[in-house]
Amino acid sequence: MLAISDIRQGTICKIGDESYEVIWTQQVQMGRGGSILRIKIKGLVSGKMLEKTLKGSDSLDSADLSRGKVNFLYADQEGYHFMDNESYEQFTFDAEKIGDKKNFLKEGTQVTLLKADDNPLTIQLPIKMEFEVTATAEGVKGDTAQGKVTKNAEIETGYNIQVPLFVKQNETIRINTETGEYVERVG
1 MLAISDIRQG
11 TICKIGDESY
21 EVIWTQQVQM
31 GRGGSILRIK
41 IKGLVSGKML
51 EKTLKGSDSL
61 DSADLSRGKV
71 NFLYADQEGY
81 HFMDNESYEQ
91 FTFDAEKIGD
101 KKNFLKEGTQ
111 VTLLKADDNP
121 LTIQLPIKME
131 FEVTATAEGV
141 KGDTAQGKVT
151 KNAEIETGYN
161 IQVPLFVKQN
171 ETIRINTETG
181 EYVERVG
């Protein structure tokens, strides 16, 4: 059983016969000290999206899934190709099943594979990953006077992210893959 305090983005739960991944959460304080948790969940098999509202006393069943490490090999028109590190078995996920995780997949990345009854369901990325900045504009003197302390940067996967003005092209940065936000500059 998953208590309301254990439910975060990326948590896998079971409702009825299907396993769901929590895509989005929002904690809302109600009057008199109570709170509710609003969640959006996506079916790992059906792809169906649901919205649920949970009270403080509610809980969800945890899904019985096996986990293993896999490497991302490449992406093409068929989908995203992965290889199991132990059995060397290769399998493919379509772009819809990968979703926004595609923004943080680069060749050779090791991710966690979630399986139910030996059927691959989804992947989980490391919470923080390092990427090289491939393109960014230079910070202009006076930008901070207007309260603008970030600029747009493109990372090696083609994803655009807001970074501080001091980040330059070809530098390595760390990104939180759950929120898609800049964390820090690396070395």
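Quick note on my numbering: the sequence shown kicks off at 1 and runs consecutively. Just so you know, even glycine gets a beta-carbon here, dropped at the ideal spot from N, CA and C. Here the structure is a predicted model, which is why all the values come from computation and not from measurement.
Three or more beta-carbon pairs separated by less than 8 Å are not found between the stretch 102-114 and the stretch 52-60, which leaves the two stretches without contact. Scanning Tyr-20, Ile-12, Leu-65 and Lys-128 for the CA closest to the CA of Ser-46 turns up Tyr-20.
Sequence-distant Cβ neighbours of Tyr-80 in its own chain, meaning closer than 6 Å and more than five residues away, are Phe-93 and Ile-98. Here Ser-35 is bridged, per DSSP, to Gln-29. Here Pro-120 is buried, its C-beta having at least 16 other C-beta atoms within 10 Å.
Counting of Cβ neighbours within 10 angstroms places Met-129 among the buried residues, the total reaching 16 or more. Between the alpha carbons of Lys-48 and Met-1 lies a gap of roughly 22 Å. The three-state reading of DSSP puts Ile-127 in coil, since its state is none of H, G, I, E or B.
For Glu-107, no beta strand (DSSP E) encloses it, and the DSSP letter there is neither H nor E. In this structure, the beta-carbon distance from Phe-131 to Glu-156 falls below 7 Å.
In the structure shown, the three-state DSSP call for Asp-94 is coil. Nearest to Thr-112 by alpha-carbon distance, out of Ile-12, Arg-8 and Ser-5, is Ile-12.
Check the Cα spacing between Ala-137 and each of Glu-178, Val-167 and Gly-187: the tightest is with Val-167. Spatial neighbours of Gly-34 in its own chain (CB-CB distance under 7 Å, excluding positions within 5 residues in sequence) are listed in chain order as Gly-56. When DSSP states are grouped into helix, strand and coil, Gly-47 belongs to the coil group.
Per DSSP, reduced to three states, the secondary structure at Lys-14 is strand. Put simply, of Ile-15, Gly-16, Lys-40 and Tyr-182 the residue whose alpha carbon is nearest the alpha carbon of Gln-27 is Lys-40.
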